[in-house]
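Below is one structure, written out as structure tokens; the observations come after it.
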Ligand code: SF4
Ligand code: SF4
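In the numbering used here, the protein residues as written are 7 to 236.
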């Protein structure tokens, strides 16, 4: 039986998920490496935001910041919009905003607030902590600097998703599938998965056995232009 999506108080969700990832504007660290000059996660040519359908109901009543993604927003991207639409779970909607020069922070979507992370779920269905969107390794400065993630953001993220998952099995299942994809990807590359654990520790997880090792953040790799930073 298909689960009915829960009614969500989106303003309350946004107010409880509002702490920045780092203590400074991390966009100043990545945008110099993007030819468009925009932070990668706010550049529609690199990242298409998603929102719950309940969020879209709220956003379109309260702001003109967003429109439903049409697939023609990035002039240099020749990919087929139908493909991305078909890969997007039914409880989510692809959106496009007016761009970082016109951002309205109070109306950022939940996908803006969670970026570059998603809730990592083990194969035995435990929400363990924060894993990152691995496609963005060469772009996102934060992914190369997990030590810069504030504890306030980290614990807020865990609390928000604990509350959501308690009410919404579909959302939990979609992150369980995403975590499975991540294990498959990292296993193929013979790499371990970096994790910000809900207990406040940094870990590396073996994708096959799911064995965890507690580490210091210096053990995490850096990527792309951030490898050569001092
Ligand atoms: S989260 Fe990553 S991609 Fe987004 S602004 Fe910060 S460093 Fe750039
Ligand atoms: S709403 Fe703001 S934070 Fe979200 S993608 Fe647009 S510019 Fe970036």
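Glycine is no exception: its CB is placed at the ideal position from the N, C-alpha and C atoms. Being a predicted model, the structure only gives us computed values, none of them experimental.
Check                                                                                                                                                               : Outcome
Which of helix, strand or coil does DSSP assign to residue 76?                                                                                                      : coil
DSSP three-state label for residue 209, please.                                                                                                                     : strand
In or out: residue 135 buried (at least 16 other Cβ within 10 Å) or exposed?                                                                                        : buried
Who are the near neighbours of residue 158 in its chain, counting only those whose CB is closer than 6 Å to its CB and skipping five residues on each side?         : 25
Counting C-beta neighbours from all protein chains within 10 Å, is the total for residue 164 16 or more, i.e. buried, or is it exposed?                             : buried
Could you check the C-alpha separation between residue 127 and residue 234 for me, to the nearest Å?                                                                : 32 Å
If you run the structure through DSSP and keep just helix, strand and coil, what is residue 96?                                                                     : coil
If you reduce the DSSP assignment to three classes, tell me which class residue 118 lands in.                                                                       : helix
With burial defined as no fewer than 16 other Cβ atoms inside 10 Å of the residue's Cβ, what is the status of residue 131: buried or exposed?                       : exposed
Hey, would you say the C-beta of residue 36 is under 6 Å away from at least one heavy atom of ligand 2?                                                             : no
Applying the criterion that 16 or more other CB atoms from any shown protein chain within 10 Å of the CB defines a buried residue, is residue 23 buried or exposed? : buried
Along the beta strand (DSSP E) that carries residue 220, what are the first and last residues, could you check?                                                     : 218 to 221
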